[in-house]
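A.B. asks: With the numbering used here, the residue at position 132 of the sequence shown is 134, and numbering never jumps.
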Amino acid sequence: MHARHLTRRRGGTVLALAATAALALSACAGTSAEEASSSGEAADFGSISVQYSWIKNEEFAGEFYAYDNGYYDEAGFSEVTGIAGPDTGVAKLLSGTVQVALSDAASIGAAVATEDAPLKIVGATFQKNPFTILSLADGGDIETPEDLKGKKIGVQDSNASVFQALLAANGIDESEVEIVPVDFDPTPLMNGEVDGFMAYLTNEAITVEMAGYEVTNLAYADNGLPYVAEAFSVTDQYLAENRELIKAFLTAEIKGWTDTFTEPVDDTVAKVIEHYNESAAAGDLTFGELDPAKVEAGLAAQAKLISTEETEANGLFTISDELKEQTLTSLAASGWELEADDLFDTTIIDEIYAENPDLKEYLP
C-alpha cells in the first residue's frame with residue numbers, strides 16, 4: 003500500500019590514532035549553535051559531512067528531498083555534504099573526516115565490540131537490513147544457510163565482515179564456503195562464475211530479476227541477523243557536544259523521508275535520477291544510467307524495510323527496545339557481545355517526537 007509513494011552497506015579497521023584525531027576535530031564543533039539554541043536565537047550549525055553507505059541512488063531519496071525542499075537549510079545548516087560510498091563510515095567517523103555516517107549495526111557493532119570504538123547509533127532508516135545472498139533458481143538456489151556449504155559465494159571486500167556475521171550466526175565455518183572476491187556488479191552470478199552473490203534485496207536482487215532470471219534470496223534479516231541498517235552513526239564525543247545539531251539534522255531527515263512516502267513516485271524517481279547523474283558527473287562510483295523502472299522497484303522494496311508497525315506508531319528512524327534486543331542478539335551470534343547502551347543512544351530521536359508529535363505522521 004505504501005510502496006507507490008516510497009521510494010543500504012557496505013566494515014573496516016579502527017585505529018587509535020583516528021580516534022585521537024576525532025577528539026581534536028570535534029572539540030569545538032557546534033558550540034555557537036548550542037548557545038544560540040539555548041538563547042532562543044535561530045541556530046547556525048554551519049556545515050557537516052555525511053558518509054553514505056552506497057552510491058547516490060534511491061537508497062538516499064530522503065536525503066535528496068531534504069536538500070531540494072530546503073529542510074537542511076531550515077534546520078540551520080549552511081551546507082550538508084553527502085559523500086557517496088560504498089563505505090561503512092567507521093574509519094571516517096573516528097578520524098573526524100565526517101560527522102555522521104549512514105552505516106549498519108554489524109559494522110558499527112563490530113568496531114565497538116572488538117576495538118572499543120567510541121561510536122553510537124542514534125537512529126535507523128531501515129528497520130530490517132536489506133542484505134541477502136542472491137542466487138539463481140536454476141543455479142545455486144540457496145534457500146537456507148545450510149545451502150551455503152560447498153558453494154562459491156561472491157563477496158565484496160567491504161561486505162566481508164557482514165558475510166562472516168551470517169556464517170557465524172548460522173554455525174557455518176568459513177572453510178565450508180568458497181569466498182570469491184567480486185565487486186558490486188552481479189554479472190559473475192548471471193554468468194555462473196559464482197553460486198551466490200552478496201547483494202541487497204533493494205538493488206542487485208532486482209537488477210538480476212529484471213534481467214530475466216528467476217532468483218532465490220537468502221535474506222539476512224530472516225536468517226539470524228535481523229539488525230538495523232542505514233543507521234545514523236556518530237562518535238560518542240560528537241554526540242555529547244552537538245545534541246542540538248544532531249536533533250536538527252535528524253528532524254530534517256525525517257521531513258525528507260516523509261516526502262518519499264507522500265510525494266508521487268514518478269517525482270521521486272526523477273529526483274533520484276537527477277542526483278545520481280550529478281554524482282556521476284562529479285566522478286563518484288556509478289553503474290551506468292539508472293533505469294527508472296529499476297529505481298521504482300527499489301523504492302518499493304525499501305518501503306517494506308523502512309515502514310513497519312513500529313515506525314507507524316513511533317515515527318521514522320525510531321528503534322524500539324525489542325528491535326535493539328534483536329540487533330544485539332544478531333551481533334552476539336557473530337561473537338560481538340554488547341549491551342544496548344554500548345551501541346545505541348536513541349534519546350535524541352525520542353526527544354524529537356516528544357516535542358513534535360506531528361512528525362510521526364509520515365504516511366499519506
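From the three backbone atoms N, C-alpha and C, an ideal C-beta is built for every residue, glycine too.
My output table needs one value for D197: the three-state DSSP class, helix, strand or coil.
C.D. replies: In the structure shown, D197 sits in coil (DSSP, three-state: anything other than H, G, I, E or B).
A.B. asks: Using a Cβ distance threshold of 8 Å, determine whether the stretch 127-139 contacts the stretch 215-223, with at least three qualifying pairs required.
C.D. replies: Yes, the stretch 127-139 is in contact with the stretch 215-223.
A.B. asks: Below 8 Å, how does it come out for the stretch 307-318 and the stretch 77-94: are there three or more Cβ pairs, yes or no?
C.D. replies: Because the criterion of three Cβ pairs below 8 Å is not met, the stretch 307-318 and the stretch 77-94 do not touch.
A.B. asks: Using the beta-carbon count (16 or more within 10 Å), is N193 buried or exposed?
C.D. replies: Exposed: under 16 other Cβ atoms inside 10 Å.
A.B. asks: May I have a chain-ordered list of the alpha helix (DSSP H) segments no shorter than 4 residues that lie completely inside the stretch 107-171?
C.D. replies: If we require 4 residues or more, the alpha helix (DSSP H) runs fully inside the stretch 107-171 come out as 107-117, 162-171.
A.B. asks: Please classify S177: does DSSP put it in a helix, a strand, or coil?
C.D. replies: In the structure shown, S177 sits in a helix (DSSP, three-state: H, G or I).
A.B. asks: Cutting at 6 Å between CB atoms, please list the residues of its own chain near A23, excluding the five before and the five after it.
C.D. replies: For A23, the pLDDT reaches just 44, beneath the cut-off of 50, and the residue's location in the model is therefore unreliable, although a value from the coordinates is still provided. Result list for A23: S97, G98, in chain order.
A.B. asks: Determine the extent of the beta strand (DSSP E) in which A231 is found, giving its start and end residues.
C.D. replies: A231 -> beta strand (DSSP E) spans 231-237.
A.B. asks: Would you kindly check if the distance between the Cβ of I155 and the Cβ of V179 is under 7 Å?
C.D. replies: Yes, Cβ-Cβ distance for V179 and I155 is below 7 Å.
A.B. asks: Note down the Cα distance separating D238 from F346, rounded to an integer number of angstroms.
C.D. replies: About 10 Å.
A.B. asks: Strictly by DSSP, which residues pair up with I85?
C.D. replies: Beta-bridge pairing links I85 to Q53.
A.B. asks: Could you tell me the boundaries of the alpha helix (DSSP H) in which A295 lies?
C.D. replies: Residues 294-308.
A.B. asks: Please report how far the alpha carbon of L95 lies from the alpha carbon of W56, in whole angstroms.
C.D. replies: Approximately 16 Å, taken between the alpha carbons.
A.B. asks: If we count the other Cβ atoms within 10 Å of its Cβ and call it buried at 16 or more, is A213 buried or exposed?
C.D. replies: The residue in question, A213, is exposed, as its Cβ has fewer than 16 Cβ neighbours within 10 Å.
A.B. asks: Beta strand (DSSP E) containing V92: first to last residue?
C.D. replies: No beta strand (DSSP E) contains V92, which is instead part of the alpha helix (DSSP H) from 92-97.
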